[in-house]
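Okay, so here's the structure we're looking at.
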Amino acid sequence: MSLKVEDQDEGLSHIRRPLTLVEKLHLAALVPIALGNIIYSFAYRTYKDPSSTLDSTMVRRRLLLSLTSVLELVPIGFIQAIIPTTSEKLRSHFAKSTEFTHNEIVVRPRGYKAARLHIITPKGADVQGPCLLYFHGGGFYLPLSAGHITMVTAIAKEAGISTVCFLEYTLTPVGKYPTQLAQASAALSYLVHERSIRLDQIVVGGDSAGASLTLNLLAHLAKPHPDIDPIVPASTSDTTKLAGALAISPRCANNSLSDSYKRNLLRDVITPTSTAFVMRTYEPRPEIWAASNEDLDFWRVPGHVRVKQFMFVGGEEESFIDDMAVFARNISAIPLDQALKENKTDNIIFFEAKKEIHDQSLLDFGQGKTDGVMTQAIMAWAGGLIKPTLQGQ
């Protein structure tokens, strides 16, 4: 596996390009349509739920949902032509940092496109110390956001993790399933074999699409995807379990059939339309490496959950929550409070954040808020379970 960056564009999330004149005119024509859509969406949501009209939290949420709905109007090529790559976001954030070093390497999974791995380490820290390998969300078609950087570094700090690795996977429609899984597997293999970090010192995690990718990687770790190289421990003495795994609002089923899609239609950023769009661009197959609920028996096989502290979280008012609940019941997940009280070395935890929506923690960090229900649960897991696990307690 070659790691040297040989091409400035190799491994980038997407390739930015200037819009043509026709595309610029098309985009300009969308502006009044988008504004009308935002106003209508905000007004309709307020009309359907007048009881919380003056609630500032609900007003911000409605505005966010209305703005997000505009993404469905803009062609994906236009979005990716304009928006910075994951590399650009990370370089800009850490360029003037006096606290962290930022290094980039390229991983090249056999048979798939290359990806970049961004390694963020506090200056003077042990490069072979605990590591968080993170997969950002965005429906597999949007790159990492500034909120991801703030959120993930905060989680790592709470868990006592010295190194954070952001995977810059290939976005759709260029990178279709299982490209991102192959890249995630290659990134984990790099940490084990090239940086000599034991599995029991690695935490993997992600939000939204990245959370789904986290579950896909756990499936691959238990039973390798037939078209992707397996993740082999560095030695026979290495543990076969990861220290931890965190999935924030994962999509556990590649459809919109659950009742929570209807129940939370006006409350959440995820809609049947947005899920259908992701399915068209991502093109997953009906297999366990694409969605955790494709084979619920898979997770009941002894040894298939190869992680010590596994937590997945969702918002009570998000569209994915019913599918997450099905997954939780199937693998006998326990509440976070119980896990913290019992303090066992192995836990599977499901946490439902009351009155919160899809990827609420990321939304909160993007607004400078750190006291949300979902965020507090994640931090409690990081400090109360992951930190002791990494320290061998």
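If you read the sequence shown in the UniProt record's numbering, its first letter stands for residue 1, the second for the next number, and so on.
Think of the CB as a built atom: it goes at the ideal place given N, C-alpha and C, for glycine as much as any other residue.
- Straight-line measurement puts the Cα of residue 108 at about 7 Å from the Cα of residue 115.
- Within the same chain, and ignoring the five residues on either side of residue 182 in sequence, the residues whose Cβ sits closer than 6 Å to its Cβ are 109, 112 and 228.
- Boundaries for residue 163: no alpha helix (DSSP H) harbours it, while the beta strand (DSSP E) harbouring it runs 163-168, taken from the DSSP string.
- Contact fails between the stretch 333-343 and the stretch 246-266, because fewer than three Cβ pairs, one in each stretch, are under 8 Å apart.
- Listed in chain order, the alpha helix (DSSP H) elements of length 4 or more contained wholly in the stretch 88-167 are 146-159.
- Its Cα nearest to that of residue 369, the residue 57 stands out among 57, 269, 37 and 40.
- Excluding five sequence positions before and after residue 323, the CB atoms of its chain that fall closer than 8 Å to its own CB belong to 251, 252, 253, 258, 260 and 293, given in chain order.
- Checking the DSSP bridge columns, you'll see residue 347 partnered with 309.
- The beta carbon of residue 79 sits closer than 8 Å to those of 71, 141 and 142, all from its chain and outside the five residues before and after it, given in chain order.
- Out of 138, 75, 30 and 38, the CA that lies nearest to the CA of residue 65 is found in 38.
- Ranked by Cα distance from residue 311, the options 145, 285, 222 and 218 are led by 218.
- In the DSSP annotation of this structure, the continuous segment of the beta strand (DSSP E) that includes residue 204 starts and ends at 202-207.
- The straight-line gap separating the alpha-carbon atoms of residue 354 and residue 272 is approximately 22 Å.
- Assignment of residue 342 by DSSP, reduced to helix, strand and coil, places it in the helix class.
- DSSP places residue 246 within a strand segment (E or B) once states are collapsed to three.
- For residue 392, no alpha helix (DSSP H) run applies, since DSSP gives it neither H nor E.
- Residue state for residue 353 is assigned as strand, using DSSP reduced to three classes.
- Shown here, residue 366 sits in a helix according to DSSP, grouped into three states.
- Take residue 284, set aside five residues on each side of it, and the residues of its chain with a beta-carbon closer than 6 Å to its own are 177, 254 and 290, in chain order.
- Taken through DSSP and simplified to helix, strand or coil, residue 77 comes out as helix.
- The C-beta of residue 233 has fewer than 16 other C-beta atoms within 10 Å across all chains shown, which makes the residue exposed.
- When DSSP reads this structure, residue 315 sits in a beta bridge with 353.
- In this structure, the beta-carbon distance from residue 358 to residue 270 falls below 7 Å.
- Counting along the chain, residue 36 sits inside the alpha helix (DSSP H) bounded by residues 21-48.
- About 5 Å separates the beta carbons of residue 149 and residue 93, which is inside the 8 Å limit, making them a contact pair.
- Secondary structure at residue 334: strand, using DSSP grouped into helix, strand and coil.
- Between residue 303 and residue 365, the alpha-carbon positions lie close to 35 Å from each other.
- About 12 Å separates the beta carbons of residue 245 and residue 210, which is beyond the 8 Å limit, so they are not a contact pair.
- The alpha carbon of residue 144 has as its nearest neighbour, out of 19, 83, 301 and 100, the alpha carbon of 83.
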